[in-house]
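Some notes on the structure that comes next.
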Amino acid sequence: MENGVSSRPRAERARRAADVLRQQITSQAFEGGRLPDEHTLAGQLGASRNAIREALGLLRAEGLITRRRGVGTVVAQQRYGHSLDRLSGLAETLLGRGTITNEVRAAHPVAGVPDAVARRLELPPDAGAVYLERLRRLDGEPLSLDATYLPLDLGRPLLECELTDQDVFVLLERISGQPLGRADVAVHAMTAGADTAALLGIPAGAAVFAIDRLTRLADGRPVDAETVHIRADRLVLQATLHRGAAPSAP
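Structure (structure tokens):
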């Protein structure tokens with residue numbers, strides 16, 4: 010330590026400071042969304058002002074913070090948490106956080122279901138399905154792009170429902186007459202291609218979460234195979250994990 014500051018390379022100290030600040034921003038730790046000045050942050054995080062300046066630069070590049078003349082450094086836009094430890098639709102998760110609307114871009118039966126989708130839904134190759142694609146908005150601003158395949162016996166009645174302001178999960182439970190049971194979820198980090206970026210209102214190459222989810226009814230039947238592209242600058246994926254017994258070696 011020199012003058013109370015670590016002797017580690019400044020880039021490393023900047024990265025570590027950015028990690029701490031990112032967590033604080035996500036948990037809405039800064040009152041009014043305003044960050045302390047560089048001198049205060051340097052004292053709080055045990056880093057030099059130069060390292061703090063670099064850390065803030067990293068967060069600005071991520072779109073998390075911005076500088077306002079006469080105000081200082083502020084959170085650019087609030088991120089909302091989306092829990093991964095409970096099976097719920099986006100509108101259910103963001104209840105009370107704003108108005109969720111769905112722009113229905115496609116909603117129709119399809120005869121040619123991709124083989125991978127048919128296998129996930131445990132459908133015969135020629136069974137057909139219903140394809141549903143919606144652009145989700147939160148208070149009018151794009152949030153996610155959802156592409157969903159549903160079995161025909163549930164998808165056709167769903168097409169007769171109002172899809173602009175209701176979650177598919179709620180509709181599936183109503184149509185099937187039983188609750189949803191569980192879902193298998195895989196999350197990928199990716200950069201948005203030109204088409205996805207244009208729909209989500211972000212630059213091409215911006216970071217997005219791609220979530221593959223297969224949802225089943227309580228009896229185990231798979232009924233919803235979807236891929237969701239979510240703006241990483243607007244949503245944080247969260248979960249509470251409990252440690253159980255370690256898996257035994259094969």
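Here my numbering = 1-based position in the sequence shown + 9.
Glycine included, every Cβ here is placed at the ideal spot set by N, Cα and C.
Check                                                                                                           : Outcome
Length at least 3, wholly inside the segment 208-252: the beta strand (DSSP E) runs in chain order              : 216-226, 231-240 and 244-247
Bridge-paired residues (DSSP) for HIS197                                                                        : ALA219
Beta-bridge pairing of LEU159 - partner residues as DSSP gives them                                             : VAL139
Alpha-carbon to alpha-carbon, LEU189 and PRO18                                                                  : 51 Å
Alpha-carbon spacing of LEU50 relative to ARG128, whole angstroms                                               : 52 Å
Alpha carbon of GLU169 to alpha carbon of TYR140, nearest angstrom                                              : 14 Å
The segment 181-198 touching the segment 211-224, judged by at least three CB pairs closer than 8 Å             : yes
Coil, strand or helix - VAL122 by DSSP                                                                          : coil
Residues near ALA26 in its chain [Cβ-Cβ closer than 7 Å; skip 5 each side]                                      : LEU54, ALA56, ALA60, ILE61 and ALA64
Between the CA atoms of ALA120 and ALA3 - distance to the nearest angstrom                                      : With the chain represented from 10 up to 259, any question about residue 3 goes unanswered, as that position is not in the structure.
Other residues of its chain near SER185: CB distance less than 8 Å, five sequence neighbours each side excluded : LEU163, LEU226 and VAL232
Beta-carbon proximity list for PRO134, same chain, < 7 Å, skipping 5 on both sides                              : ASP124 and ALA127
Alpha-carbon to alpha-carbon, GLY81 and ARG43                                                                   : 7 Å
Selected residue, minimal CA-CA separation from LEU73, among GLY229, GLN37, GLU112 and THR205                   : GLN37
Integer Cβ distance of THR108 from THR173, believed to fall under 8 Å                                           : Their Cβ separation, rounded to whole angstroms, is 11 Å, which puts THR108 and THR173 out of contact at 8 Å.
Given GLY202 as reference, the closest of ARG165, ARG143, LEU246 and LEU154 once Cα atoms are compared          : LEU154
Selection from GLY79, LEU68, LEU167 and VAL29 that minimises the alpha carbon distance to ALA115                : LEU167
Cβ-Cβ distance between PRO212 and ARG165 below 8 Å                                                              : no
Same chain only: Cβ atoms within 8 Å of GLY229, ignoring 5 sequence neighbours per side                         : GLY190
Own chain partners of GLY156 with C-beta closer than 7 Å, once the 5 adjacent residues on each side are dropped : Looking at the sequence itself, residue 156 is Ala, so the reference to Gly does not match. Around ALA156: GLU142, GLU235 and THR236.
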